[in-house]
Amino acid sequence: MGKFVKQSIYLPDEAATESLAREIVDALPEDISGWIVLLQGDLGAGKSTLARGMIRAFGYEDSVPSPTYTLIEPYEIQDNLIYHVDLYRISSLDELQYLGWKDLEDGLCIIEWPERVPGLSARADIIVSLGYEAAARVAEIRSLSDRGADIIVRLNLK
Ligand code: ADP
Ligand code: MG
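By this note's numbering, the letter at position 18 of the sequence shown is numbered 25, and the numbering carries on one by one without gaps.
Structure, rendered in structure tokens:
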């Protein structure tokens, strides 16, 4: 499997994270069902900001609440289904199955705290790792599948 990575994507402010979100969405295919995007990083690194930016890039204009307590927030945007997932309170694939994980295959899953469920990266397409750099953030995007590699190649970054 070809692995592709884009490193040191500098995100000076929240707007930069939102524009990275838009670039990722633009690089995705028309049919996003079954796609899995993982968002890794410490508290406050910008995972929810990136997820919200992606959901908005699909044309959603209402508020995008954090799934911290609901664990899964579904969105239906025209023909697209998106599931914003937060695994902070989950600790195994079993618990995830119990939550109806199988039912999420008809949409794009954007998943925060993926490291909480070992084995998840084997099923995912790309992982975005976010870190702090003083007041700014820095991102790295890595492919986890062949079709994920296509996305990295297609990304249009400044
Ligand atoms: P997480 O979901 O990783 O805990 P959030 O997206 O909820 O993080 O919060 C990120 C916080 O950091 C927000 O308050 C946001 O305004 C701030 N911030 C500062 N710079 C950035 C940046 N470049 N990208 C994203 N958030 C940033
Ligand atoms: Mg969050």
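Glycine is no exception: its CB is placed at the ideal position from the N, C-alpha and C atoms.
Practice task
Could you tell me whether any Cβ in chain B is nearer than 7 Å to the Cβ of E21?
Solution key: Of the protein chains in this structure there is only one, and it is not chain B.
Practice task
Report back the beta-carbon spacing between I43 and I118 to the nearest angstrom; my notes put them in contact at under 8 Å.
Solution key: Counted from its first residue, the sequence shown places residue 43 at position 36. Counted from its first residue, the sequence shown places residue 118 at position 111. Going by Cβ atoms, the distance from I43 to I118 rounds to 7 Å, so yes, they are a contact pair.
Problem - Inter-stretch contact (C-beta, 8 Å, three-pair minimum) for the segment 42 to 56 and the segment 12 to 30 - result: yes
Problem - Helix, strand or coil at G138 according to DSSP, with G and I counted as helix - result: As a first step, residue 138 is located in the sequence shown; it is residue number 131 there, counting from the start. Under the three-state reduction of DSSP, G138 is assigned to strand.
Problem - 6 Å Cβ shell around V71 - same chain, five flanking residues per side excluded - result: For the purposes of this step, residue 71 is taken as residue 64 along the sequence shown, with counting starting at 1. Same-chain partners within the cutoff: R59, I62.
Handout entry: Which of helix, strand or coil DSSP assigns to Y82
Key = Position 75 of the sequence shown, counting from 1, holds the residue named residue 82. Correct three-state label for Y82: strand.
Handout entry: E119 beta carbon near the ligand MG (any heavy atom closer than 6 Å)
Key = As a working mapping, residue 119 is identified with position 112 in the sequence shown. Yes, the ligand MG has a heavy atom inside 6 Å of this Cβ.
Problem - Near the ligand ADP: A64 beta-carbon under 6 Å from a heavy atom - result: Here residue 64 refers to the residue found at position 57 of the sequence shown. A64: no, Cβ never under 6 Å from the ligand ADP.
Handout entry: For N87, the residue or residues it bridges with in DSSP
Key = Against the sequence shown, residue 87 aligns to sequence position 80. Bridge partners of N87: I84.
Exercise for the section: Determine the contact status of K164 and A34, defining contact as a CB-CB distance below 7 Å. Expected result: What you label residue 164 is simply residue 157 of the sequence shown in a count that begins at 1. What you label residue 34 is simply residue 27 of the sequence shown in a count that begins at 1. In the sequence on display, residue 164 carries Leu and not Lys. No; because the gap between Cβ atoms is not below 7 Å, this pair is not in contact.
Handout entry: Closest residue to A129 among D153, Q104, R144 (Cα-Cα distance)
Key = Taking the first residue of the sequence shown as 1, we reach residue 129 at position 122. Comparing Cα-Cα distances from A129 to each of D153, Q104, R144, the minimum goes to D153.
Exercise for the section: Could you tell me whether any non-hydrogen atom of the ligand MG is closer than 6 Å to the CB of S73? Expected result: As a working mapping, residue 73 is identified with position 66 in the sequence shown. Yes, the Cβ of S73 comes within 6 Å of a heavy atom of the ligand MG.
Exercise for the section: Give the DSSP-derived three-state secondary structure of Y76 in the structure shown. Expected result: Residue numbering aside, residue 76 sits at position 69 when the sequence shown is read from its first letter. Looking at Y76 - three-state DSSP - the assignment turns out to be coil, as it is neither helix nor strand.
Handout entry: CA-to-CA distance, P121 to E102, given in whole angstroms
Key = Taking the sequence shown and counting its residues from 1, the one referred to as residue 102 is at position 95. Taking the sequence shown and counting its residues from 1, the one referred to as residue 121 is at position 114. Those two C-alpha atoms are separated by around 13 Å.
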